[in-house]
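Worksheet: one structure, shown below.
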Amino acid sequence: MIELSPSKIQTYMTCPLSYYFRYVEKIQTIKNGRAWMGSAVHKGIETAYNKQNNQAGIEEYLKSFRAQDQEINWQEEEPINVEKEGLNLLQVYLESKTFKNLKILNTEYEIFIPFSIAENLKTIQFIYDSDTQDSNKIHCILDAATKNGIIDWKTTKRKWTQDQIERNIQFNIYALAFLYLNGQQEVPIQAHILISKKEPEIQILETKKTQEDFKITRQIIFQIIKAIDNEIFYPNPNMLCENYCDYKSLCRCKV
Numbered sequence: 000m001i002e003l004s005p006s007k008i009q010t011y012m013t014c015p016l017s018y019y020f021r022y023v024e025k026i027q028t029i030k031n032g033r034a035w036m037g038s039a040v041h042k043g044i045e046t047a048y049n050k051q052n053n054q055a056g057i058e059e060y061l062k063s064f065r066a067q068d069q070e071i072n073w074q075e076e077e078p079i080n081v082e083k084e085g086l087n088l089l090q091v092y093l094e095s096k097t098f099k100n101l102k103i104l105n106t107e108y109e110i111f112i113p114f115s116i117a118e119n120l121k122t123i124q125f126i127y128d129s130d131t132q133d134s135n136k137i138h139c140i141l142d143a144a145t146k147n148g149i150i151d152w153k154t155t156k157r158k159w160t161q162d163q164i165e166r167n168i169q170f171n172i173y174a175l176a177f178l179y180l181n182g183q184q185e186v187p188i189q190a191h192i193l194i195s196k197k198e199p200e201i202q203i204l205e206t207k208k209t210q211e212d213f214k215i216t217r218q219i220i221f222q223i224i225k226a227i228d229n230e231i232f233y234p235n236p237n238m239l240c241e242n243y244c245d246y247k248s249l250c251r252c253k254v
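Here numbering that gives the first Met the number 0 is used: position 65 in the sequence shown is 64, and no number is missing along the way.
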């Protein structure tokens, strides 16, 4: 049985050798401080929305950030400064019209997509049988689901481009999950980008995933499964490796 997720697929597309270290060898890594902060901001937003109480969201953020039940790599940043930065981001977002106008059905919406491999078509196909316990699956957790689309929250230091949201495989897979659930042929997606600056900014980017996106995404997943089955795990060096690769000390390819 094959078990995939958007993060697994994204990891393989970014660097197959990193996928090997993380998911085949299961080598544990130290959580990045910025990623830790981003997770806490997500929890703060979800709590504030579900309880319709901004203060509850802020308290949840602080609780989550300070829990630190694992080792964190702060990359020479002071944790207290990162905490304040995340808190500032969260407060600006919770006070925005964007947040106040949200109409969400579910947060942390979990979807499993059972699928089979169609070798002759070089793609994957959904399985709709009642018993899919032993089926291949893609496990998705959406930040937020609306009546007919998806909202995803991102924390970053820089604005995104429209190309980034169009090419992000994570969003394609989320849309594929919506297609599986309700047969929706076009899935609108909003990315709410929370930009950490001296004066935090909120950027809203939108895209719509269509049948062509679904077709290409299924084919990509098929090819990745084949590559993993054939143990194709090569390094993909790039300018982000030095600061962001968790396995640079193990990598045989030095940038």
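Even glycine gets a Cβ: it sits at the ideal position worked out from N, Cα and C.
(message) Only counting the same chain, and skipping five residues up and downstream in sequence, which positions put a Cβ closer than 7 angstroms to that of Asn87?
(response) Residue 87 sits at position 88 when you count from the first residue of the sequence shown. Pro199.
(request) Go ahead and label Ser129 buried or exposed: buried means 16 or more other beta carbons lie within 10 angstroms of its beta carbon, across all protein chains shown. (result) Position 130 of the sequence shown, counted from the start, is the residue given in the question as residue 129. The residue in question, Ser129, is exposed, as its Cβ has fewer than 16 Cβ neighbours within 10 Å.
(request) Identify which residue in Val40, Asp212 and Ile192 has its Cα closest to the Cα of Glu185. (result) Taking the first residue of the sequence shown as 1, we reach residue 185 at position 186. Selection Val40, Asp212 and Ile192 evaluated against Glu185 yields Asp212 as nearest (Cα-Cα).
(request) Return the chain-ordered list of same chain residues with a C-beta closer than 7 angstroms to the C-beta of Phe20, the five sequence neighbours on each side being excluded. (result) Numbered from 1 along the sequence shown, position 21 holds the residue referred to as residue 20. Apart from the 5 residues on each side of it in sequence, Phe20 sits with its Cβ closer than 7 angstroms to the Cβ of Ile26, Tyr246 and Leu249 in its chain, given in chain order.
(request) Kindly provide the ranges of any beta strand (DSSP E) runs that are 3 or more residues long and lie completely inside the region 91–160, ordered along the chain. (result) Those beta strand (DSSP E) runs which fall completely within the region 91–160 and span 3+ residues are 105–117, 122–125, 135–144 and 149–155.
(message) I need the straight-line Cα distance from Lys153 to Glu205, nearest angstrom please.
(response) For the purposes of this step, residue 153 is taken as the residue at position 154 of the sequence shown. For the purposes of this step, residue 205 is taken as the residue at position 206 of the sequence shown. Those two C-alpha atoms are separated by around 13 angstroms.
(request) Using DSSP bridges, identify the partner residues of Val81. (result) Here residue 81 refers to the residue found at position 82 of the sequence shown. Checking the DSSP bridge columns, you'll see Val81 has no partner listed.
(request) On a CA-only basis, which of Val91, Gln218, Tyr92 and Val23 is nearest Asn119? Give me that one, please. (result) If you number the sequence shown from 1, residue 119 lands on position 120. Per the Cα distances, Gln218.
(message) Would Asp151 and Met0 qualify as a contact pair, given that the criterion is a beta-carbon distance under 8 angstroms?
(response) Here the question's residue 151 lines up with position 152 in the sequence shown. Here the question's residue 0 lines up with position 1 in the sequence shown. Cβ atoms of Asp151 and Met0: not closer than 8 angstroms.
(message) The beta strand (DSSP E) that contains Gln189, what's its start and end?
(response) The sequence position of residue 189 within the sequence shown is 190, counting from 1. Its beta strand (DSSP E) spans residues Val186 to Ile194.
(message) If I follow the unbroken beta strand (DSSP E) through Thr206, where does it start and stop?
(response) If you number the sequence shown from 1, residue 206 lands on position 207. Counting along the chain, the beta strand (DSSP E) containing Thr206 begins and ends at Glu200 to Lys208.
(request) Tell me Ile71's beta-bridge partners as DSSP assigns them. (result) Taking the first residue of the sequence shown as position 1, residue 71 is located at position 72. Paired residue(s): Lys30.
(request) Quick one: using the 10 Å Cβ neighbour count with 16 as the cut-off for buried, is Lys136 buried or exposed? (result) Along the sequence shown, one-based indexing puts residue 136 at 137. Lys136 counts as buried, since at least 16 other C-beta atoms from the protein chains shown sit within 10 angstroms of its C-beta.
(request) Given a cut-off of 8 angstroms, decide if Glu59 and Lys42 are closer than it, judged by their beta-carbon atoms. (result) Locating residue 42 in the sequence shown gives position 43, counting from the first residue. Locating residue 59 in the sequence shown gives position 60, counting from the first residue. Remark: C-beta atoms of Lys42 and Glu59 approach each other more closely than 8 angstroms.
(request) Indicate whether the contact test is met: 3 or more Cβ pairs, each with one atom in the region 142–150 and one in the region 173–191, closer than 8 angstroms. (result) Flag = yes, the region 142–150 and the region 173–191 touch.
(message) In whole angstroms, give me the CA-to-CA distance for Phe111 and Leu61.
(response) Taking the sequence shown and counting its residues from 1, one reaches residue 111 at position 112. Taking the sequence shown and counting its residues from 1, one reaches residue 61 at position 62. Phe111 and Leu61: Cα-Cα distance of roughly 31 angstroms.
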